[in-house]
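*Asks:* Quick one: the structure is below, questions incoming.
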Amino acid sequence: MRNAHLRRIAVGTVAAGLVLTGCGTTAEGGSASGGGSDEALSGLRVLVPNSPGSGYDTTARAWAQVLDDEGLASGTEVFNVEGAGGTVGLQRLVNEEGNAEMLMQMGLGVVGAQFSNQSEATLDETTPIARLVEEAEAIVVPADSPYQDLDALVEAWKADPGGTPVGGASNPGGPDHLTPMLLAQEVEVDPTTVNYVPYDGGGELLAGILGGDVAFAATGVGEVAESAAGGDVRILAVTSEEPVEGVDAPTLTETGVDLTFTNWRGVVAAPGISEEDTQRFVDAMTEMHGSEAWQQALEDNGWTDAFATGDEFSSFLDEESQRVQSVLGQLGLA
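One rule links them: number in the numbering used here = place in the sequence shown (from 1) + 23.
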């Protein structure tokens, strides 16, 4: 790759913080829980901006469960609003201005989708809460694929880019899209000739892989690790600097491809909530992060801890937006 800056699109350890409470009427007609900051969050709803079974969905349900189990929240509801790479959900959150009873799971995919879909709603309108995790991408094929290793796949891809479709659970600009585009650039495939097939979430992508609708896919390791262990798919490589524990696959660099790439996921709240509500969210997520239950969730899902809150996460979001927009432009995709 021409630029190491592009290879490390999501490096750093940052995240943000927000908090929830207050005593006013929310955008959904309910009342935020009042009282001191030591009270559990009640009436909390967590918006997942893509389909059940996706990486966002898995992540959101994991931390929401820990919040409830640790007594930091009570009766937390997780719900899905699918569409347009996460920007339908983003618009929903932005429309909830002042609602201190809602958080949204998000990550690099939503950062890219706001550009590729020319979304009216943007992340800079939201209230950053926390960056939680980062995760390697996997280059994966169905178990019956003729491609036994990355070299064989790349050879076929170079010979016929259009006839070697690659799937991902991201719209253009998201991690599953950027991974094959940057990989193409590294292995001398013109990114503009890549036949990228977007799916709205990991569940739909897995069905596409198993159904033979794509020759290969790029997706989060956690979304295909179980299928790989069960023999349904085969992971040819991972995009992290080091091998992923429990995954029988080399890194891209070990296969001779000079590329590392890390996806990340975080949490934002609606615009216009109070500083007090923001701080309650931050405090709750910070306590959640410090629990043994969350550390176990990280291990169980193969996620790397990337927790951070406050101004650091806000700055990180700004930098990521600028970076992704720049990368898409350099690849001729924006």
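Backbone N, C-alpha and C fix where the C-beta goes; we use that ideal spot for every residue, glycine too.
1. Counting along the chain, where does the beta strand (DSSP E) carrying D328 start and finish?
2. Starting from P165, follow the beta strand (DSSP E) in both directions and report where the run begins and ends.
3. Can A160 and V244 be called in contact, C-beta distance under 8 Å?
4. Measuring only the C-alpha atoms, how far is T145 from P294?
5. Can you check the stretch 235-279 for any alpha helix (DSSP H) of at least 4 residues that lies completely inside it and give the ranges in chain order?
6. Helix, strand or coil, according to DSSP, for T99 in the structure here?
7. Considering only their Cβ atoms, is the gap separating A153 from F339 smaller than 8 Å?
8. Does the beta-carbon of V89, which I'm using as the reference point, lie nearer than 7 Å to any heavy atom of the ligand HEM?
9. What separation, rounded to the nearest whole angstrom, lies between the Cα atoms of G231 and V237?
10. Is it buried or exposed for Q319, if we count other Cβ within 10 angstroms and need 16 for buried?
11. For V210, which residues of its own chain have a beta-carbon under 6 Å away from its beta-carbon, when the five flanking residues on both sides are left out?
12. In the DSSP assignment, find the alpha helix (DSSP H) that holds N118 and state where it starts and stops.
13. Could you compute how far the alpha carbon of G235 sits from the alpha carbon of L205?
14. Within the stretch 168-207, note down every full alpha helix (DSSP H) run reaching 4 residues or more, in order along the chain.
15. Taking C-beta to C-beta, are T150 and D199 nearer than 8 Å?
16. Name the residue from A107, V291, E299, T309 whose alpha carbon lies nearest to the alpha carbon of V117.
17. Going by beta carbon distance, what residues of the same chain come within less than 7 Å of V267, once the five residues before and after it are set aside?
18. Since E310 contacts E93 with CB under 8 Å, what's their CB separation in whole angstroms?
19. Determine contact between the stretch 214-222 and the stretch 177-197, defined as no fewer than three beta-carbon pairs at a distance below 8 Å.
20. Cα separation between E342 and G289?
21. Counting C-beta neighbours from all protein chains within 10 Å, is the total for A223 16 or more, i.e. buried, or is it exposed?
22. Taking the alpha-carbon of D306 as reference, which of L95, Q141, P221, R68 has the nearest alpha-carbon?
23. Under three-state DSSP, which class holds N140?
*Replies:* In terms of the structure at hand:
1. Bounds of the beta strand (DSSP E) holding D328 are 327-332.
2. Per DSSP, P165 belongs to the beta strand (DSSP E) from 150-165.
3. According to the sequence provided, residue 160 is Glu. The question's Ala does not apply to it. Going by C-beta atoms, E160 is nearer than 8 Å to V244.
4. Their backbone Cα atoms lie some 11 Å apart in a straight line.
5. Runs of the alpha helix (DSSP H) inside the stretch 235-279: 244-252.
6. Residue state for T99 is assigned as coil, using DSSP reduced to three classes.
7. Contact annotation: F339 and A153 have beta-carbon atoms that are not nearer than 8 Å.
8. As far as ligands go, the structure on display features none, and thus does not contain the ligand HEM.
9. The straight-line gap from Cα to Cα measures roughly 6 Å.
10. The residue in question, Q319, is exposed, as its Cβ has fewer than 16 Cβ neighbours within 10 Å.
11. Closer than 6 Å at Cβ, skipping near neighbours: V177.
12. Note, N118: alpha helix (DSSP H), 110-118.
13. Approximately 23 Å, taken between the alpha carbons.
14. List check, alpha helix (DSSP H) in window: 173-182.
15. Not in contact: T150 and D199 (Cβ atoms no closer than 8 Å).
16. From the listed residues A107, V291, E299, T309, the smallest Cα separation to V117 is found for V291.
17. Counting only Cβ-Cβ distances below 7 Å, and skipping sequence neighbours, we find A159, V244, V261, G325.
18. Right, the Cβ-Cβ distance comes to about 7 Å (below 8 Å), so this counts as a contact.
19. The stretch 214-222, when compared against the stretch 177-197, does touch it at the 8 Å Cβ threshold.
20. Inter-residue distance for E342 and G289 is about 15 Å (C-alpha atoms, whole angstroms).
21. Just to set this straight, residue 223 is Asp in the shown sequence, not Ala. Counting of Cβ neighbours within 10 angstroms places D223 among the buried residues, the total reaching 16 or more.
22. Comparing Cα positions, the closest option is L95.
23. Coil at N140, not helix or strand.
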